[in-house]
């Protein structure tokens, strides 16, 4: 999308759940940052967006390259992370993302992963929590080009609604043009397990702490292996406490 | 220690307990036995404060305090431990993290200082050894991927660490093989068979009572205790079934 493009409307799929009023203040957007990881190279990065804003990243992995991306998108009126990932022969991409939104906040991830050549692997884990009137959205697309055989793509998107007034949108999408492909995607939106909360209470843990612990456990998988895992966990913990 | 008087309780307006009375003193082990649907598990859940279990009449005092006036976590801090028939899995939260949080939450409510990581680990190691449980298991998420027997042993490790005054153990023997049953039974004795503690065992079968000898056995049927006696009552039930007493 060009920076000169007009403000999108809800008719545009990728902006359907966006906070357009908040977007207007951020418009026009800068071009996506382009990162190319050369053949056999490795790239690791954490995108931490804790006060809203828009991060756009176009990542290209040449043959045999790998990248591990972690995202913490929490807080602020409108936080959006756009990822456009292109994988060549045998490339390996891992995404672990956490989104947290409280009242008046919208957090969204729009991720497109393109398997352009064979034997590339991608694994995406997105964990989200929304409280109050907050909204979390994950639009994730995996595209497998013709001839990209041996593709292995995995997508797991889950959201916890902490209040009846919170919203979670999830749209997993697969577009596959090759034959020999393994693509799995799972998506679930739910509430904290009442049995688990009572179990914790029966051991002496107060309700607010029990919820925070369960949510910590819930998001842990997405932050696993991050270079600054402890730091990200601590930031996520703060964001969780703010929405509980 | 625990005095239950004329307890009536309902789940979704359906009466389950219909006038249960029971008194448990420090140093005693009581067993509640009874047929399916008698209200055994409900008794445990009502005393533990599970949401959805409504007390409609009667009272329960725990060391002089009105038990039903306390929130579930406050009951735990007051010294009540509820052992679950089906221990719950909590993904992503390790046993050690869970138990340290639980113990320190309880201590805080009692006005005690929190335990340091080192002091906590020492207790955890000791209790895990008592139940012959590998410390590595306690680093794993709570009950996730544990077998039925491991879950029950983990419950007993929890009980050992939290060191309650009264343990209400709901079918701790279910799902246990012979060795695990003995280990759990010995664990209960080591942790709870003390003059200042008491146990209420809820069970279908006599077999756990071979290891944890009860002082009193009660038969629960139709939401009330219909017969009480000594340990010989459990043997009698094992031989003749519930039909005669529960009729």
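Chains as they are written, first to last, in this note's numbering: chain A, 4 to 247; chain B, 249 to 495.
All C-beta atoms, glycine included, are put in the ideal place defined by N, C-alpha and C.
1. Considering only C-alpha positions, which residue in the set 191(A), 129(A), 119(A) is nearest to residue 180(A)?
2. Please classify residue 383(B): is it buried, with 16 or more other beta-carbons within 10 angstroms of its beta-carbon, or exposed?
3. Counting beta carbon pairs with one atom in the region 182 to 198 of chain A and one in the region 277 to 285 of chain B, are three or more of them shorter than 8 Å?
4. Would you call residue 415(B) buried or exposed, if buried means 16 or more other Cβ atoms sit within 10 Å of its Cβ?
5. What residues match up with residue 391(B) in a beta bridge as DSSP calls it?
6. How long is the line joining the alpha carbons of residue 56(A) and residue 30(A), rounded to whole angstroms?
7. Starting from the Cα of residue 199(A), find the closest Cα among 466(B), 398(B), 336(B), 314(B) and give me that residue.
8. My assumption, with CB atoms under 8 Å, is that residue 146(A) sits in contact with residue 97(A). Please give the rounded CB distance.
9. Within the continuous beta strand (DSSP E) that includes residue 38(A), where are the two ends?
10. Report the three-state DSSP secondary structure of residue 223(A) (helix, strand or coil).
11. For residue 437(B) and residue 106(A), I'd like the C-alpha separation in whole angstroms.
12. Return the first residue and the last residue of the alpha helix (DSSP H) that residue 320(B) is part of.
13. Residues of chain B with CB closer than 8 Å to the CB of residue 219(A), please, in chain order.
14. Which of the three DSSP states is assigned to residue 352(B) in this structure?
15. Kindly indicate which three-state DSSP category residue 6(A) falls into: helix, strand or coil?
16. Along the region 353 to 383 of chain B, what residues have a CB closer than 7 Å to any CB found in chain A?
17. Between residue 291(B) and residue 258(B), is the Cβ-Cβ spacing less than 8 Å?
18. Looking only at its own chain, which residues have a Cβ that is under 7 Å from the Cβ of residue 231(A), when we skip the five neighbours before and after it?
19. Please determine if the region 341 to 358 of chain B and the region 291 to 302 of chain B are in contact, where contact requires at least 3 C-beta pairs separated by less than 8 Å.
20. Going by the CB atoms, is the gap between residue 93(A) and residue 70(A) shorter than 8 Å?
21. Nearest CA to the CA of residue 402(B): which residue from 417(B), 385(B), 277(B), 263(B)?
22. Where in the region 173 to 231 of chain A do unbroken runs of the beta strand (DSSP E), each at least 3 residues long, occur, reported from the N-terminal end onward?
Taking the geometry as given:
1. Minimum Cα distance to residue 180(A) is reached at 119(A).
2. Residue 383(B) should be labelled exposed.
3. no
4. buried
5. According to DSSP, which records beta bridges pairwise, residue 391(B) is partnered with nothing at all.
6. 11 Å
7. 336(B)
8. Wrong, their Cβ atoms sit about 17 Å apart, outside the cutoff.
9. 36 to 40
10. helix
11. 51 Å
12. 320 to 325
13. 340, 341
14. helix
15. The predicted model places residue 6(A) with a pLDDT of 49, which falls under 50 and marks its position as unreliable; any figure quoted below should be read in that light. Three-state result, residue 6(A): coil.
16. 353, 354
17. Cβ distance not < 8 Å, so residue 291(B) and residue 258(B) don't count as in contact.
18. 49
19. no
20. no
21. 385(B)
22. The region 173 to 231 of chain A contains these whole beta strand (DSSP E) runs: 184 to 193.
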